[in-house]
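**Student:** Respectively, the protein sequence lines represent chains R and D. With full-length UniProt numbering applied, the first sequence covers 1 to 304. With full-length UniProt numbering applied, the second sequence covers 1 to 346. The structure under discussion is supplied below as structure tokens; questions concerning it will follow.
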Amino acid sequence: MSDISEDETVNETAQEARADGEHARATPSGNSFLSDFWVNFVRWNLKAVRNPFVVVGSLVQPIIFLVLFTQVFGQIATSALGGGAGDITYETFLLPAIAMQVSLAAAAGSGIGLVNDMEEGMFEKTLVMPMSRSAMFLGKTAAEILRIVVQIAIILALGAVLGANVATGFLGALGILGVGILFSLWFVALSNIMAIVTRDQESTIIGANLLQFPLLFVSTAFLPLNAMPDWIQVVATYNPITYGVDAARALMLDQDVMTVVEVTRFGGIWDTLVPAIAVLLALDLALGGAMVYLLNRASSSAVQ
Amino acid sequence: MTDDTRRTDGRGAAIDAEGVELTYADGTEAVKGIDLTVPEGEFFGFLGANGAGKTTTIKTFSTLLSPTAGSITVNGFDVRDEPRRVRETIGYMAQETSVDEELTARENIRFAARAYGVPKGERAERIDELLDLVDLADVGDKQAGEFSGGMKKRLDAATALVHDPPLVFLDEPTTGLDPKARNRLWEYFERINERGTTLFLTTQYLEEADQLCDRIAVIMGGEIVATGSPAELKRRVGGEILDVDVPAGEDARERAAEIAREGDVFDADADVAVTDDGISVTAERAREHGTDLLVALRDAGITVTGFNIRAPTLDDVFLAITGEELDSEERSADHDDVTGPEVTAE
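Here is the structure:
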């Protein structure tokens, strides 16, 4: 992402050229990358705290899913699990999927924040500020990732209260947070792409929701793969959500739960984690690259 | 801030633009070769109708758009080669109010202060000073989303000034504000200019340019068609203006204009135009010959319902130069549109 701005290299050269001090500024300009990052990180965190609806909003639906699904389908689902997943409760089975759902919902907020900034004129305003463009965007994304981590932690705690159990312990729970971050990035990128392309808040929200819901249902999120019709099994194989959910679930249950791709060379949960993380990383890089390209174009001064 | 931030290469120019062109990808030539020098400390006005190229020009000067041809030096830095240096030394207030509505006024200014690298030790004092300057000190800890349109504009202005830039761009800063809020903003701009800051203002309000600016450039169709102080431009129109109110109908106005042109009352270079209310004559000594015209009109059986002799205004300048009237009805209609939802406190 370091190539978001073409300006920085130019600036460095220019600053060196002016090292004679003739044009040294009285007010310290040339903030460091880190301070530019920090300014934006603080701003986006403040915005999140100011707007509790965003924080709570992306938690409400997953919590409703967690409570309702376990209460309504708990009995049936637990027996449906009997075959593949061993003797585990539906709470334990569902919790990692809900954690990934939270990650998706929170990631959708990234594009919404960007498009809101564009509509409020803040996007252009920050472009006129002497900041590193990469630092600006990384600061924003870091604030969003922090929010995602907090929200997943809340969901895991809630799950524990409802009787779910992380078989791999505290380290495993940290691992689920890590998978959550990795899993959120492709959707962060996708929602930003939608924001830049549509430049419209409603389209960005609707786009994210339209994708999110069907994708959740045609994955291994709510039921094991073998309990679903053949066509869904096929779709689930190509659905990114399956890989996030399977990785989180492997950590939750301490089992190799992945059935869409059978890997046996790493042993234990690594047979799930390695392919899942590989798929997520590839997806993050591909969509992240597209996002950086579009963002770069949107913030460029080149005439369009 | 000391003077060495205002690098000028000895020319004392805040803006030096030569042959600036900007053509959008769809082929629209928004700016067609602008040459412009704005000396330090000047209050410079860029006057033009909607779509004349004002905003595009201001965006090329403030590094938001890269010119397709020509060169621009701002505070001594080339906008293409050293955009970040330019950004460090300018303030920019966009046409649309740009504040973060979820942050408080103080937080908005603090964000700008950090972004512009105002040293930590000076920040708190600077923020208080700016809140004071724009009269938002008592609501400094309220979220900007609760502010009226005028308050948001003032906050926006404060964030553009946080690093005490030697040059500030104001793109139609008072569009959509009620007269009271507008006057207040004008006071701030004058105050800032008195402190030595160069201001570059675009506007479609002649009154605004007339009251505030030391010098004005009139832009039309992407080209500068006139430059000068408001007084110089008015002198260029020349003479005095005689407005004669003639009721419409039966070609009365056209006939009246004919009489003013042909009737041997004024010098040959007198300029006669049919207006919304009757006719308007611009001529040397219009004051002396005015009565002759009124008599001639009466003899021709044309009813005159009123008349007025006055010195030219910038409106006349604009009309004379561009052949277009900055239509006042359209303007106030625009105005109301924007004013309605914006200015009401939420």
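For each residue, glycine too, the CB sits at the ideal point set by N, CA and C.
Quick one: which chain R residues come within Cβ less than 9 Å of Asp267 of chain D?
**Tutor:** If you number the second sequence from 1, residue 267 of chain D lands on position 267. Simply none; closest approach about 48 Å.
**Student:** Would you kindly work out how many angstroms separate the C-alpha atoms of Gly27 of chain D and Ile302 of chain D, rounded to a whole number?
**Tutor:** Working through the second sequence from its first residue, we reach residue 27 of chain D at position 27. Working through the second sequence from its first residue, we reach residue 302 of chain D at position 302. Roughly 50 Å separates the two Cα atoms.
**Student:** For Gln304 of chain R, which residues in the same chain have their Cβ closer than 8 Å to its Cβ, ignoring the five residues on either side in sequence?
**Tutor:** As a working note, residue 304 of chain R is residue 304 in the first sequence. Excluding residues within five positions, the ones whose Cβ falls inside 8 Å are Arg297.
**Student:** Less than 8 Å between the C-beta atoms of Ile269 of chain R and Leu251 of chain R, yes or no?
**Tutor:** As a working note, residue 269 of chain R is residue 269 in the first sequence. As a working note, residue 251 of chain R is residue 251 in the first sequence. Yes, Cβ-Cβ distance for Ile269 of chain R and Leu251 of chain R is below 8 Å.
**Student:** So, is Asn193 of chain D buried or exposed, given that buried needs 16 or more other C-beta atoms within 10 angstroms?
**Tutor:** Within the second sequence, the letter at position 193 stands for residue 193 of chain D. Buried: at least 16 other Cβ atoms inside 10 Å.
**Student:** Spell out a yes or no on whether the segment 216-225 of chain D and the segment 238-249 of chain D are touching, meaning 3 or more CB-CB pairs, one atom from each, closer than 8 Å.
**Tutor:** no
**Student:** So Thr92 of chain R and Ala164 of chain R are supposed to be a Cβ contact under 8 Å. How far apart are they, rounded?
**Tutor:** Within the first sequence, residue 92 of chain R is the residue found at index 92, counting from 1. Within the first sequence, residue 164 of chain R is the residue found at index 164, counting from 1. Right, the Cβ-Cβ distance comes to about 5 Å (below 8 Å), so this counts as a contact.
**Student:** May I have the straight-line CA-CA distance separating Ile309 of chain D from Glu208 of chain D, to the nearest angstrom?
**Tutor:** Your numbering for residue 309 of chain D matches position 309 in the second sequence. Your numbering for residue 208 of chain D matches position 208 in the second sequence. Linking Ile309 of chain D to Glu208 of chain D through their CA atoms gives a straight-line distance of about 23 Å.
**Student:** Is the distance from the Cβ of Arg255 of chain D to the Cβ of Ala300 of chain D below 8 Å?
**Tutor:** As a first step, residue 255 of chain D must be located in the second sequence, where it is residue number 255. As a first step, residue 300 of chain D must be located in the second sequence, where it is residue number 300. Yes, the pair counts as a contact, with Cβ atoms nearer than the cut-off.
**Student:** My assumption, with CB atoms under 8 Å, is that Leu103 of chain D sits in contact with Leu46 of chain R. Please give the rounded CB distance.
**Tutor:** Here the question's residue 103 of chain D lines up with position 103 in the second sequence. Here the question's residue 46 of chain R lines up with position 46 in the first sequence. Going by Cβ atoms, the distance from Leu103 of chain D to Leu46 of chain R rounds to 6 Å, so yes, they are a contact pair.
**Student:** Give the residues of chain R in contact with Thr68 of chain D, contact being defined as C-beta atoms less than 7 Å apart.
**Tutor:** As a working note, residue 68 of chain D is residue 68 in the second sequence. Under the 7 Å cutoff, chain R gives Val303.
**Student:** What separation, rounded to the nearest whole angstrom, lies between the Cα atoms of Gly180 of chain R and Gly149 of chain D?
**Tutor:** Walking along the first sequence from the start, residue 180 of chain R turns up at place 180. Walking along the second sequence from the start, residue 149 of chain D turns up at place 149. Their Cα atoms are separated by approximately 41 Å.
**Student:** Is the beta carbon of Ile90 of chain D sitting closer than 8 Å to the one on Ser66 of chain D?
**Tutor:** Within the second sequence, residue 90 of chain D is the residue found at index 90, counting from 1. Within the second sequence, residue 66 of chain D is the residue found at index 66, counting from 1. Not closer than 8 Å, so no.
**Student:** Looking at the C-beta of Tyr116 of chain D, does it have a partner C-beta in chain R at a distance below 8 Å?
**Tutor:** In the second sequence, residue 116 of chain D corresponds to position 116, counting from 1. Cβ-Cβ to chain R under 8 Å: yes for Tyr116 of chain D.
**Student:** Using a Cβ cut-off of 8 Å, pull out every chain R residue sitting near Thr97 of chain D, in sequence order please.
**Tutor:** Within the second sequence, numbered from 1, the residue matching residue 97 of chain D stands at position 97. Ordered by position in chain R, the residues that pass the 8 Å Cβ test against Thr97 of chain D are Gly121.
**Student:** Show which residues of chain R have a CB atom less than 8 Å away from the CB atom of Phe61 of chain D.
**Tutor:** For this step, residue 61 of chain D is matched to residue 61 along the second sequence. What Phe61 of chain D touches in chain R: nothing, since even the nearest Cβ is about 11 Å away.
**Student:** Does DSSP put Arg199 of chain R in a helix, a strand or coil?
**Tutor:** For the purposes of this step, residue 199 of chain R is identified with residue 199 of the first sequence, where counting begins at 1. Coil, per DSSP.
**Student:** Excluding the five sequence neighbours on either side, which residues of its own chain have a C-beta within less than 6 Å of the C-beta of Gly175 of chain R, listed in chain order?
**Tutor:** On the first sequence, position 175 is the one that residue 175 of chain R refers to. The answer, listed in chain order, is Leu251.
**Student:** Look at the alpha carbon of Pro165 of chain D and the alpha carbon of Phe189 of chain D, and state the distance between them as a whole number of angstroms.
**Tutor:** Counting from one through the second sequence, the residue named residue 165 of chain D turns up at place 165. Counting from one through the second sequence, the residue named residue 189 of chain D turns up at place 189. C-alpha separation (whole angstroms): 13 Å.
**Student:** With a threshold of 8 Å between beta-carbons, can Asp100 of chain D be considered close to chain R, or not?
**Tutor:** As a working note, residue 100 of chain D is residue 100 in the second sequence. For Asp100 of chain D, the answer is yes, since a Cβ of chain R falls inside 8 Å of its Cβ.
**Student:** Would Arg43 of chain R pass as an interface residue toward chain D - the criterion being a Cβ-Cβ separation below 8 Å?
**Tutor:** Counted from its first residue, the first sequence places residue 43 of chain R at position 43. Interface residue, yes.
**Student:** If we define contact as Cβ-Cβ less than 8 Å, is Thr23 of chain D a contact residue for chain R?
**Tutor:** In the second sequence, counting from the first residue as 1, residue 23 of chain D sits at position 23. True, the Cβ-Cβ gap to chain R drops below 8 Å.
**Student:** Flag this pair as touching only if the segment 43-52 of chain D and the segment 200-217 of chain D have three or more C-beta atom pairs under 8 Å; answer yes or no.
**Tutor:** yes
**Student:** Does DSSP classify Lys142 of chain D as helix, strand or coil?
**Tutor:** Indexing the second sequence from 1 puts residue 142 of chain D at position 142. Correct three-state label for Lys142 of chain D: coil.
**Student:** If you draw a straight line from the C-alpha of Ala49 of chain D to the C-alpha of Asn183 of chain D, how long is it?
**Tutor:** Position 49 of the second sequence, counted from the start, is the residue given in the question as residue 49 of chain D. Position 183 of the second sequence, counted from the start, is the residue given in the question as residue 183 of chain D. Straight across, the Cα-Cα distance linking Ala49 of chain D with Asn183 of chain D is about 21 Å.
**Student:** Quick check: is the beta carbon of Ile133 of chain R nearer than 8 Å to any beta carbon in chain D?
**Tutor:** Here the question's residue 133 of chain R lines up with position 133 in the first sequence. The sequence shown places Arg at residue 133 of chain R, rather than the Ile named in the question. It does not; no Cβ of chain D falls within 8 Å.
**Student:** Step through the CB atoms of chain R and report whether any lies within less than 8 Å of the CB of Glu29 of chain D.
**Tutor:** Walking along the second sequence from the start, residue 29 of chain D turns up at place 29. It does not; no Cβ of chain R falls within 8 Å.
**Student:** Helix, strand or coil for Leu36 of chain D per DSSP?
**Tutor:** Start at 1 with the first residue of the second sequence, and residue 36 of chain D comes out as number 36. Note: Leu36 of chain D maps to strand in three-state DSSP.
**Student:** Which one or two residues does DSSP pair with Val20 of chain D in a beta bridge?
**Tutor:** By one-based count along the second sequence, residue 20 of chain D stands at place 20. Per DSSP, D:Ile34.
**Student:** Taking only beta-carbon positions, decide if Gln211 of chain D is within less than 8 Å of chain R.
**Tutor:** Residue 211 of chain D sits at position 211 when you count from the first residue of the second sequence. No, its Cβ sits nowhere closer than 8 Å to a Cβ of chain R.
**Student:** Is the shortest distance between the beta-carbon of Arg50 of chain R and the beta-carbons of chain D less than 8 Å?
**Tutor:** As a working note, residue 50 of chain R is residue 50 in the first sequence. Yes, Arg50 of chain R lies at the interface with chain D (some Cβ there is under 8 Å from its Cβ).
**Student:** To the nearest whole angstrom, what separates the beta carbons of Asp256 of chain R and Thr168 of chain R, a pair I think is in contact under 8 Å?
**Tutor:** Here the question's residue 256 of chain R lines up with position 256 in the first sequence. Here the question's residue 168 of chain R lines up with position 168 in the first sequence. So it is not a contact: roughly 13 Å between Cβ atoms.
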